[in-house]
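Numbering (the working numbering), first residue to last: 237 to 602.
Built from N, CA and C at the ideal position, the CB exists for glycine as well.
Everything below concerns the one structure shown next.
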């Protein structure tokens, strides 16, 4: 058995990419005609995101992390989840496993409601729990990042761990696909985790953050995919969307505005949220038909695809700022405390967080 061929087939990497990044002889490495050097094996292992030792043994290892049993949009399973999605879920579950051992209390709001609960009651409970004013959007945040940070801090404060990333750990060769998923939630009474795909727009990330938090209130795990192109969702998704919409665009405030198709952009600016949320609210409140909604969503989808193309060329930004944004600060504090009390080693800490020495120091400095 060619072990390299086995692991390569499980990845989403292309032959062309491996030829360019490893060696023009990569095809011969796969066929067994040529043997890669140890340095080349190390590079291959990095790209495949596996320990180099796995390429040196005769038998492949199939980890349990490949099982995905989340409910997704319309209760459909993801037929062929990418290795990036599977590995991201596995990484977050590892973090949750660590936190469960460190935390000795339960959060009573996890699973407090069901999809049969009055949605306005759930929305008001959420505002009270987060100490979130009904018109929070009227604050002058200065930027979308600060608005997202404001909401994140509110949710962090009540015990939810929130992570962001657009790639697997620090591996820039394994980027997350926004067309596959926008985020997901891991339900747990001690260490609930929300993960958000950083490849999304800031408006999209704000929606996902609130959306996944509502899933915690009903105790429901899901992977949030690209749901904008359809007006029909299952009962759970319809309920969660309704509560999320009420928090981001309160109906009592929405009705005070000039609600017309021509005014969508102004409404989105006023409520500081995406046009998707505005048109969904318009459809739900019967300001527009489902046909109008679908037509507008297709238009927004096309514009979003253009955004994605331009976003691919953007520079990586400040590493220190990015890593401190990606990694939940409270989570890092738990890891650092475990190191300081000699419960785990620095190597353990690096593995749990998903960074090297440099990243750890940047997180420590804040």
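- Annotation: residue 447 to residue 596 spans about 30 Å, alpha carbon to alpha carbon.
- Residue 443 is not bridged by DSSP to any residue.
- Under a 10 Å Cβ-count criterion, residue 267 is classified as exposed, with fewer than 16 other Cβ atoms of the shown protein chains found around its own Cβ.
- Rounded to the nearest whole angstrom, the CA to CA distance from residue 567 to residue 591 is 14 Å.
- Here residue 325 carries a helix assignment [DSSP, helix/strand/coil].
- A residue is called buried when at least 16 other Cβ atoms come within 10 angstroms of its Cβ; residue 271 does not meet this threshold and is exposed.
- Taken through DSSP and simplified to helix, strand or coil, residue 318 comes out as coil.
- Within the same chain, Cβ atoms closer than 7 Å to the Cβ of residue 349 are found at 358, 453 and 454, the five residues on either side in sequence being excluded.
- The beta carbon of residue 544 sits closer than 7 Å to the beta carbons of 414 from its chain, once the five residues preceding and following it are set aside; these are given in chain order.
- Residue 404 places its beta carbon 8 Å or farther from that of residue 480.
- For the pair of segments examined, the stretch 395-403 was found to touch the stretch 322-341: the number of CB pairs separated by less than 8 Å reaches three.
- Looking only at 476, 528 and 477, the smallest Cα-Cα distance to residue 498 is reached by 528.
- Taking residue 371 as the centre and dropping the five residues before and after it, the same chain places the C-beta of 489 closer than 7 Å to its C-beta, in chain order.
- DSSP places residue 377 outside both helix and strand once states are collapsed to three, so it counts as coil.
- According to the DSSP assignment, residue 409 belongs to no alpha helix (DSSP H) but to the beta strand (DSSP E) extending over 407-411.
- For residue 514, the enclosing alpha helix (DSSP H) begins and ends at 511-520.
- Annotation: the continuous alpha helix (DSSP H) that includes residue 364 extends over 355-366.
- In the DSSP assignment, residue 401 forms a beta bridge with 433.
- A straight-line Cα-Cα distance of about 25 Å links residue 560 and residue 450.
- Annotated as distal: residue 335 and residue 582, with beta-carbon spacing of 8 Å or more.
- Per the coordinates, the alpha-carbon of residue 483 lies some 52 Å from the alpha-carbon of residue 276.
- As the crow flies, the alpha-carbon of residue 367 is around 44 Å from that of residue 282.
- Cβ atoms of residue 472 and residue 460 stay farther apart than 8 Å, at about 12 Å.
- In the three-state reduction of the DSSP assignment, residue 338 falls in the helix class.
- It is roughly 11 Å from the alpha-carbon of residue 496 to the alpha-carbon of residue 522.
- With contacts defined by Cβ atoms closer than 8 Å, residue 556 and residue 598 form a contacting pair.
- Taken atom to atom, the span from the alpha-carbon of residue 477 to that of residue 517 is near 10 Å.
- Between residue 426 and residue 342, the CB-CB gap stays under 8 Å.
- Residue range 262-267 is occupied by the alpha helix (DSSP H) that includes residue 264.
- The closest CA to that of residue 576, considering only 291, 491, 487 and 600, is found on 600.
- Secondary structure note for residue 524: it is in no alpha helix (DSSP H), with a DSSP letter that is neither H nor E.
- Between residue 439 and residue 402, the C-beta gap is not smaller than 8 Å, which leaves the two residues out of contact.
- Separation of residue 378 and residue 246 (C-alpha to C-alpha, rounded to the nearest whole angstrom) is 44 Å.
- A Cβ-Cβ contact shorter than 8 Å links residue 244 with residue 284.
- Judged by DSSP secondary structure, residue 427 falls outside any alpha helix (DSSP H); it is assigned neither H nor E.
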